[in-house]
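Student: Handing you this structure, nothing more for now.
In my numbering, the protein residues as written are 139 to 438.
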């Protein structure tokens, strides 16, 4: 082996050893962060069931819980059979939670339950803290598949949402979600959530949207989204059959929306219209048509 080859091999071995030490350092940091978070939650009154195992080398640091349970009395309860928390050593500021099994979420104050068969939630903080309402305070991505809405609250489009996913930037200092004063401070500072992408597949209805979300004076969400919508005709038919929309009104709405279709679109593809989607007064509306509504969620 010549000197150049030996030097190259030595550099590679040194880099591998350095990465191994770095991976174990990231692993220790992830475990410490989880331990601190768990201690803080228990101190605040939460009950957590999870004895995580660690792994993932070399591409990630993972904490796995075979039967994760989290309960905050009188607030909410979460049950995830196979929770996995992952951190990429190259981006240690981002943590991703995933599950491929049936997870269950129950909110005590709203008396509402929903389930998912697939779950992905990724959260990252910026390198520098935000200084004003326009700075990023948190980056969030989420994907819920086979989202089962509470069967005690029947919804016209059905209680199964095939997929709900989004990518968002929270502007301003991120509030503590279990602290009303923190949420109020964020809202009063004109904090907002920039939704770069929202995807909804609910029955025949498919929505691709982006826009902004804020909180109103009652801490409920307000959103205005620019959206591409397909499957609206079938959705309006369902709303008519469920007596959510009068037949004559349904016909007028369908005729009006059809004018927004692109006449040059291929005949074998779903027709897409571009209309506003709003969330206001605890209602989801598409092009002014109320799709569903819900009771206000009481803040902590």
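Ideal Cβ placement from N, Cα and C applies to all residues, glycine included.
How would you label residue 175, buried or exposed, when you count the other beta carbons within 10 angstroms and need 16 or more for buried?
Tutor: Burial call: exposed.
Student: Tell me whether residue 421 is buried or exposed, calling it buried when 16 or more other Cβ atoms sit within 10 Å of its Cβ.
Tutor: exposed
Student: Between the C-alpha atoms of residue 276 and residue 385, what's the straight-line distance to the nearest angstrom?
Tutor: 45 Å
Student: Would you say residue 256 and residue 295 are within 7 Å of each other, going by their C-beta atoms?
Tutor: no
Student: In whole angstroms, what separates the C-alpha of residue 271 from that of residue 404?
Tutor: 43 Å
Student: For the structure I just gave you, are there three or more beta carbon pairs, one from the region 205-217 and one from the region 243-258, closer than 8 Å?
Tutor: As far as the Cβ criterion goes, the region 205-217 touches the region 243-258, which means the pair count is three or higher.
Student: In chain order, what residues of the same chain lie with their CB nearer than 6 Å to the CB of residue 210, ignoring the 5 residues before and after it?
Tutor: Closer than 6 Å at Cβ, skipping near neighbours: 184.
Student: Can you name the start and end residues of the beta strand (DSSP E) that residue 347 belongs to?
Tutor: Its beta strand (DSSP E) spans residues 343-353.
Student: In chain order, what residues of the same chain have a beta carbon less than 7 Å from the beta carbon of residue 160, not counting five sequence neighbours either side?
Tutor: 227
Student: Excluding the 5 residues flanking residue 347 on each side, which residues of the same chain have their C-beta closer than 6 Å to its C-beta?
Tutor: 336, 363, 365 and 415
Student: Could you spell out where the beta strand (DSSP E) holding residue 320 opens and where it closes?
Tutor: Per DSSP, residue 320 belongs to no beta strand (DSSP E); it is in the alpha helix (DSSP H), 318-326.
Student: Any idea what DSSP makes of residue 159, helix, strand or coil?
Tutor: helix
Student: Evaluate residue 312 with the Cβ neighbour count: other Cβ atoms within 10 Å of its Cβ, from every protein chain shown; 16 or more gives buried, anything less gives exposed.
Tutor: buried
Student: Closest to residue 241 by CA distance: which of 330, 353 and 251 is it?
Tutor: 251
Student: What does DSSP give as the partner residues of residue 193 in its beta bridges?
Tutor: Residue pairing of residue 193 in beta bridges, as defined by DSSP: 200.
Student: Beta-carbon within less than 6 Å of residue 383's beta-carbon, same chain only, minus the 5 sequence neighbours each way: which residues are those?
Tutor: In its chain, beyond the 5 residues on either side, 377 have a beta carbon closer than 6 Å to the beta carbon of residue 383.
Student: Would you mind working out which of 288, 410, 202 and 356 sits nearest residue 172, comparing C-alpha positions?
Tutor: If we check each option's Cα against that of residue 172, 202 comes out closest.
Student: Note the first and the last residue of the continuous alpha helix (DSSP H) segment covering residue 372.
Tutor: That run of the alpha helix (DSSP H) goes 370-379.
Student: By the three-class DSSP mapping on this structure, what secondary structure does residue 221 have?
Tutor: strand
Student: Cα separation between residue 258 and residue 286?
Tutor: Going by the C-alpha atoms only, they are around 16 Å apart.
Student: Looking at the unbroken alpha helix (DSSP H) that takes in residue 262, where does it start and where does it end?
Tutor: Membership of residue 262 in any alpha helix (DSSP H) is not indicated; the residue belongs instead to the beta strand (DSSP E) covering 256-262.
Student: At which residues does the alpha helix (DSSP H) containing residue 303 begin and terminate?
Tutor: No alpha helix (DSSP H) contains residue 303, which is instead part of the beta strand (DSSP E) from 298-309.
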